[in-house]
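Trainee:
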Amino acid sequence: MSSTTTSSSSSSSSSSSSRRTIVITGGLGNLGSKLCRHLLSSNSSSSSSPSSPPSSSKTRTYKIILIEHPNFIDRYTQSNPLPHDDKDNVIVLPCDLGNPTDEQSASLREALQGADAVIHFSAVNPYPNASWSDSAQSMDHTFNIFQLAVICKVRRVILASSNHVMGGYKDDPTFGPSSILPHSDPRAGTMPLNTKLLDTSGDGKAYAAAKLAGERLAMTLGNLYADTTTFVVLRIGWCQPGENLPSTLSAAGSPPEFLLDANDDTENDDGNKEEDAVAAVAADNDKKDELWYKRMWLSNRDFLQYFDAAIHLNVPTKEERVGGGSNGDDHNLHHGDVHRNVRRGFVLVNAMSRNSGAKWNLDETEKWLGVVSNDDSLAQK
1 MSSTTTSSSS SSSSSSSSRR TIVITGGLGN LGSKLCRHLL SSNSSSSSSP SSPPSSSKTR
61 TYKIILIEHP NFIDRYTQSN PLPHDDKDNV IVLPCDLGNP TDEQSASLRE ALQGADAVIH
121 FSAVNPYPNA SWSDSAQSMD HTFNIFQLAV ICKVRRVILA SSNHVMGGYK DDPTFGPSSI
181 LPHSDPRAGT MPLNTKLLDT SGDGKAYAAA KLAGERLAMT LGNLYADTTT FVVLRIGWCQ
241 PGENLPSTLS AAGSPPEFLL DANDDTENDD GNKEEDAVAA VAADNDKKDE LWYKRMWLSN
301 RDFLQYFDAA IHLNVPTKEE RVGGGSNGDD HNLHHGDVHR NVRRGFVLVN AMSRNSGAKW
361 NLDETEKWLG VVSNDDSLAQ K
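Residues in the sequence shown are numbered consecutively from 1, following UniProt numbering.
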């Protein structure tokens, strides 16, 4: 990683000494647990660590409520322990967001009624090989938590969407570096060039469809309920578990435990030239696929900065032109653009690191979140 020189949003909507209750769905998973630790770190110290955004140096403190499916709590707490004994600051709430029991629904409603923000990570399968059944259930998670957040008048809802919503731009040569804008037309799914990879990691279409549905619902609810609840959508890149180093990124786009079974028939002991040629093409496609995934990398530092800023930024609550040119030709803010990423009660931005040659445009990210990424998966070490 490069050296730390970042800035985060200065448009916080509350005083720097306030205590906030943050509800995180999928709270014991990879992203939820990373964010939980980061937010709790601001409780114990007023100074920022090298991996924390500058806003952490303020005297904000947090109470964190982690929502997790009952079937996964024991497994997650054993492999990824959090300070669960800190009863004043961390609560783990068992709940099946797709089909909660009456008791779970009551507990969830109670948690949201006192919450300042809901951050939604939960998904039945959080990887691009999710089936349509998986994704339909993930949509239920999103719709249910959004509806309840609006009912309970939670100030801010943050959706962790995905770069796979725009994955169809992957191999389009007409789109170069920084060309994928947050208001570009969606192209759901990420198709690997290597068919072997497709068999194991999937095309991301069903997974992306669930994320896109969540984005559109956030846009609609933001417009309807902006006076009480606003929505921020972050189309996040690939943030691996643990240290999340660029050196461990691969063309698969998923960790091994989430890959589908596939027979390995790539060996060619006979030296057949035709098979050798096929293998060479596959190897070249693998390199192209791997480069795409490396360019959608999201470092731990940027992940934390983006979500920290999303909690505190000021989302427009009126339908107005925000920062457009005087001639009114800003495509992003044109009221006829059905994909515009900033509107009443709603902000959507790309959330990847600044990886060399990436197609993702981060201008709106810097503008709204106030965070400038300095991490690059392809930087010379």
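For every residue, glycine included, the Cβ atom is placed at its ideal position computed from N, Cα and C.
1. With DSSP collapsed to three states, give me the class of H335.
2. Count the C-beta pairs between the region 136-146 and the region 203-214 that are closer than 8 Å, then say yes if the count reaches three, no if not.
3. For the region 275-295 against the region 219-228, do three or more pairs of beta-carbon atoms, one drawn from each stretch, fall closer than 8 Å, so that the two count as touching?
4. Between the Cα of T248 and those of K153, Y293, V342 and V233, spot the shortest distance and give me the residue it belongs to.
5. Can you list, in chain order, the residues of its chain with a C-beta nearer than 6 Å to that of D203? Leave out the 5 residues immediately preceding and following it.
6. Can you tell me where the beta strand (DSSP E) holding T101 begins and where it ends?
7. Between Y169 and S184, what straight-line distance do the alpha-carbon atoms span, to the nearest angstrom?
8. For the alpha helix (DSSP H) that contains H312, what are its first and last residues?
9. Under 6 Å Cβ to Cβ from D363, same chain only, skipping five residues before and after it: list those, please.
10. Can you find the residues in the same chain that come closer than 8 Å, C-beta to C-beta, to L217, ignoring five residues on each side of it along the sequence?
11. Would you say D375 and S299 are within 7 Å of each other, going by their C-beta atoms?
12. Measuring alpha carbon to alpha carbon, tell me which residue in D74, V90, V233 and F72 is nearest L66.
13. Closer than 6 Å by C-beta to S138: which residues in its own chain qualify, once you throw out the five before and the five after it? Chain order, please.
14. Rounded to whole angstroms, what is the Cα-Cα separation between L35 and F307?
15. Which same chain residues, not among the five before or five after L181, have their C-beta less than 6 Å away from its C-beta?
16. Identify whether E243 lies in helix, strand or coil by the three-state DSSP scheme.
17. So, with DSSP's three-state summary, where would you put V157?
18. Taking all protein chains shown into account, decide if Q113 is buried (16 or more other Cβ within 10 angstroms of its Cβ) or exposed.
19. Relative to the alpha-carbon of V232, which residue among N350, L291, A115 and A130 has its alpha-carbon at the smallest distance?
20. Excluding the 5 residues flanking K99 on each side, which residues of the same chain have their C-beta closer than 8 Å to its C-beta?
21. Applying the 10 Å Cβ sphere with the 16-neighbour rule, what's the burial state of T101?
22. Starting from the Cα of R37, find the closest Cα among E366, K63 and R343 and give me that residue.
23. Given a threshold of 16 other Cβ atoms within 10 Å of its Cβ, counted over all protein chains shown, does G242 qualify as buried or as exposed?
24. If I follow the unbroken beta strand (DSSP E) through L348, where does it start and stop?
25. Under 7 Å between the Cβ atoms of T21 and A115?
26. Quick one: Cα of T317 to Cα of A251, how far?
27. Have a look at F121, L40, N129 and E68 and flag the residue whose alpha-carbon is nearest the alpha-carbon of L108.
28. Count the other CB atoms within 10 Å of the CB of P126; is the residue buried (16 or more) or exposed (fewer)?
29. Starting from the Cα of L28, find the closest Cα among S41, R60, V92 and T61 and give me that residue.
30. Taking DSSP as the reference, what is the three-state secondary structure of R37?
31. Roughly how many angstroms separate the alpha carbons of A206 and A130, rounded to a whole number?
32. Pop quiz: A244 and R295 are said to be a contact at Cβ under 8 Å. What is the actual Cβ separation, rounded to whole angstroms?
33. Check whether the Cβ atoms of V157 and V118 lie closer than 7 Å to each other.
34. Going by DSSP, which residues form a beta bridge with I236?
35. H120 lies in the alpha helix (DSSP H); which residues open and close that run?
36. Looking at the structure shown, is F175 part of a helix, part of a strand, or coil, going by DSSP?
Mentor: A quick look at the data gives this:
1. Per-residue confidence for H335 stands at a pLDDT of 45, beneath the threshold of 50, marking its modelled position as unreliable; no derived number is given.
2. yes
3. no
4. Y293
5. G189 and M191
6. That residue, T101, is in no beta strand (DSSP E); it is neither H nor E in DSSP.
7. Answer to the nearest angstrom: the Cα atoms are 10 Å apart.
8. N300 to H312
9. none
10. T142, F143 and F146
11. The criterion of a C-beta distance shorter than 7 Å is satisfied by D375 and S299.
12. V90
13. A123, V124 and A210
14. Taking the straight line joining both Cα atoms gives about 8 Å.
15. N361
16. Of the three classes helix, strand and coil, the one that applies to E243 here is coil, per DSSP.
17. Strand at V157.
18. When all chains shown are included, Q113 counts as exposed.
19. Shortest Cα-Cα distance from V232 to any of N350, L291, A115 and A130 involves N350.
20. The identity of residue 99 in the sequence shown is Asn, whereas the question assumes Lys. Correct list, in chain order: D140.
21. By the 16-neighbour rule on beta-carbons within 10 angstroms, T101 is exposed.
22. K63
23. Exposed: under 16 other Cβ atoms inside 10 Å.
24. F346 to A351
25. yes
26. 41 Å
27. E68
28. buried
29. V92
30. Per DSSP, reduced to three states, the secondary structure at R37 is helical.
31. 6 Å
32. Correcting the residue type first, residue 244 is Asn in the shown sequence and not Ala. Their Cβ separation, rounded to whole angstroms, is 15 Å, which puts N244 and R295 out of contact at 8 Å.
33. yes
34. S162 and A351
35. Not the alpha helix (DSSP H): H120 falls in the beta strand (DSSP E), residues A117 to H120.
36. coil
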